[in-house]
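These protein sequences, in sequence, are chains A and B. Counting in the working numbering, the first sequence runs from 1 upward without gaps. Counting in the working numbering, the second sequence runs from 1001 upward without gaps. The beta carbon of each residue, even a glycine, is placed where N, CA and C say it ideally should be. Note that the structure is predicted; figures quoted are calculated from it, not measured.
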Amino acid sequence: MTKKITLKINGTEHTMEVEPRMLLVHAIRENVSLTGTHIGCDTSSCGACTILIDGKSAKSCTVLAVQAQGKEIATVEGLATAEGLHPIQEGFHLNHALHCGFCTPGMMMRAIELLEKNPNPTEEEIRWGISGNLCRCTGYNNIVKAIEWTSAKMQGKDLPSTEPEFV
Amino acid sequence: MIAENFNYDAPTSLEEAIALLHQYGDEAKILAGGHSLIPMMKLRFASPTHLIDINNIPGLSYVKEEDGYLKIGAMTKEVEVEESEIIHAKYPIFMDATKLIADPQVRNFGTLGGNLAHGDAANDHPAVMIALGAEVEITGKEGKRTVGIDDFFHGFYTTAVEHGEVLTEIRIPAASGNYGSAYHKAERKVGDYATAGVAVMVQIDDQGRCTKAGIGLTNVSPLPLRATRSEEVLVGSDLSEAVIAQAAQYAAEDCSPTEDLRGNEEYKRHLVGIITKRMLNKAIVRAKK
Ligand SMILES: Cc1cc2nc3c(=O)[nH]c(=O)nc-3n(C[C@H](O)[C@H](O)[C@H](O)COP(=O)(O)OP(=O)(O)OC[C@H]3O[C@@H](n4cnc5c(N)ncnc54)[C@H](O)[C@@H]3O)c2cc1C
Ligand code: FES
Ligand code: FES
């Protein structure tokens, strides 16, 4: 019944025996102990479990671990390097784009693919782009600002202000 | 939520996939994008004993015009349709529809073949395919056969795809002349299934007369529905305001929505009328461009 699979997560290969019914999010969290990828709804709705599979954002609660055999998986744990935070992490940090932080890993992984495909998104494109990720705290405005900031940073442009707006 | 146990195979050819479907019998299911099937298995609404993953079979994913058809491979993902140049240039109805299907992550997985083969009147592509007059290629042990979209949907979660067969291609008569198409659905929030949705296609001659019309309705009847009376009143007409109003009224009358959390029957019929009118106007503008 079980299958032997190798998952390449953030550049490291992990070989494991799994039942075909094991969800990728469980393989990542339980078998590899990378718990940065969250489970929010478990019904493909909230995006907290978003990771990248071969660079494409995916809800890992709706993918089987066996389907990811041989694919490159990226999770939030792989973002920061010895040199420091990934620009998207920096953007979320400086723009106060998180409160409880539960949605943040999925939100950032989704934003990475969005900026990869569309390095210079408009506010509307950002809002559509993160429409599969729910946040119950921030009201989204600072998340949008963080993604705009990261877009500027990644292209070496002038950085927008990170001062909070009081209205 | 964890699905019931099953065995998993990921064949690399269509012949192998079909052979496996025959070997495992009725309890085997094809896994395409998995974004309808896996949620159903997690809820245990579906418990196949074997999954045949067809993602590793090459050659099932493409969007191209050929032999007078727009051909879409069954494994083409929503995101690939969204990013296809030919779709942007000539078939904006798909841009209307995909944008309203789930969210970007789901569209990275969901396939057009799966959207039809799932056999759910709540899905959006069935109505689009009805409006565009699509036909579907199905491959089995004996070879390929073609089924028109009007004969494709048989019941809730059942389609013309028989056990041991794979839906391989969707073919749509290519856009020619003054051709316009449009889709819209009312939804409560991003990622929701349609409260009601309407897909429209019109073709207009140089005198402004409608030569061809297709209207498909989403989630307002047990099966994806063709609004036949609406189409009949459009074809041969000058597409005047009165004709469009008549077509919209027929669509609202001829569907059979049921009350649910998304709204009551009267509200849904009202939506069908309004959206039909708006999409007809949109498709006409696009056709005249
Ligand atoms: C949160 C969420 C929101 C969604 N919202 C919408 C929406 O608004 N509108 C909409 O239309 N859809 C929506 N969907 C469904 C999504 O578009 C699915 O991806 C799609 O319905 C099925 O495609 P799939 O490739 O994922 O198929 P799968 O889930 O892999 O398969 C579905 C069924 O079709 C069969 N099948 C698949 N491919 C073939 C084939 N080539 N030949 C024969 N049988 C096949 C499978 O055996 C299975 O029974 C949503 C899904 C999610 C998770
Ligand atoms: S946990 Fe996967 S989408 Fe919510
Ligand atoms: S920061 Fe709490 S859910 Fe987004």
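- For V32(A), none of the residues of chain B pass the 8 Å Cβ criterion, the least Cβ distance being about 18 Å.
- In the structure shown, L1116(B) adopts helical secondary structure according to DSSP, grouped into three states.
- Between the alpha carbons of A27(A) and E19(A) lies a distance of about 10 Å.
- For D1009(B), the enclosing beta strand (DSSP E) covers residues 1007-1009.
- Excluding its 5 nearest sequence neighbours in each direction, E1080(B) has C-beta neighbours in its own chain below 8 Å: S1061, V1063, listed in chain order.
- Apart from sequence neighbours up to five positions away, the residues of its chain that approach I9(A) with a beta-carbon distance below 7 Å are I28, V32, L34, I73, T75, ordered along the chain.
- In this structure, the CA atom of N1055(B) is about 7 Å from the CA atom of M1075(B).
- Comparing alpha carbon positions, the residue from E1165(B), P1092(B), A1003(B), K1090(B) closest to L1021(B) is E1165(B).
- Rounded to whole angstroms, the separation of the alpha carbons of I5(A) and G55(A) is 20 Å.
- Restricting attention to H1125(B), G1140(B), G1119(B), I1149(B), the CA atom closest to the CA of G1133(B) is found in I1149(B).
- In this structure, K1099(B) is the residue among V1136(B), T1146(B), I1130(B), K1099(B) with its C-alpha nearest to the C-alpha of R127(A).
- Going by DSSP, D1254(B) is part of the alpha helix (DSSP H) stretching over 1241-1254.
- Its chain contains E123, I126, R127 as the residues whose beta carbon lies nearer than 7 Å to that of V144(A), once the 5 sequence neighbours on both sides are disregarded; these appear in chain order.
- In terms of side-chain proximity, the C-beta atom of F102(A) is found nearer than 7 Å to a non-hydrogen atom of ligand 3.
- I130(A) sits away from I112(A), with the two beta carbons spaced by 8 Å or more.
- Here A1196(B) is near V1272(B), since their CB atoms are less than 8 Å apart.
- For G1197(B), the secondary structure class from DSSP, reduced to helix, strand or coil, is strand.
- Interface residue (Cβ-Cβ distance to chain B less than 8 Å): T43(A) is classified as such.
- Beta-bridge partners assigned by DSSP to Q1203(B): Y1179(B), K1212(B).
- Between ligand 3 and the CB of H99(A), the shortest heavy atom gap is smaller than 7 Å.
- A distance below 7 Å between beta-carbons, with the five flanking residues on each side excluded, links F1006(B) to the following residues of its chain, in chain order: P1048, T1049, H1050, L1051.
- A residue is called buried once 16 or more other Cβ atoms fall within 10 Å of its Cβ, and V1285(B), having fewer, is exposed.
- For P1058(B), the distance from the CB to the nearest heavy atom of ligand 1 is not below 7 Å.
- Between A1003(B) and chain A, the shortest Cβ-Cβ separation is below 8 Å.
- No Cβ-Cβ contact shorter than 8 Å links N120(A) with G47(A).
- S60(A) and V1243(B) have their C-alpha atoms spaced approximately 49 Å apart.
- Interface residue (Cβ-Cβ distance to chain A less than 8 Å): N1108(B) is classified as such.
- DSSP, read as helix, strand or coil, puts P1039(B) in helix.
- The continuous stretches of alpha helix (DSSP H) do not include P1173(B), which lies in the beta strand (DSSP E) extending over residues 1166-1173.
- For S1237(B), the three-state secondary structure derived from DSSP is coil.
- Contact annotation: E1135(B) and K1144(B) have beta-carbon atoms that are not nearer than 8 Å.
- Assigned with DSSP and collapsed to three states, S1047(B) falls in coil, not helix or strand.
- The beta carbon of R1269(B) lies closer than 6 Å to those of A1252 in the same chain, with the five residues before and after it left out.
- Taking 8 Å as the cut-off, the Cβ atoms of C1255(B) and V1235(B) do not count as close.
- If you ignore the 5 residues before and after G1033(B), its C-beta comes within less than 6 Å of the C-beta of F1109, G1110, T1111, G1114, all in its own chain and listed in chain order.
- A Cβ of chain A is located within less than 8 Å of the beta carbon of I1038(B).
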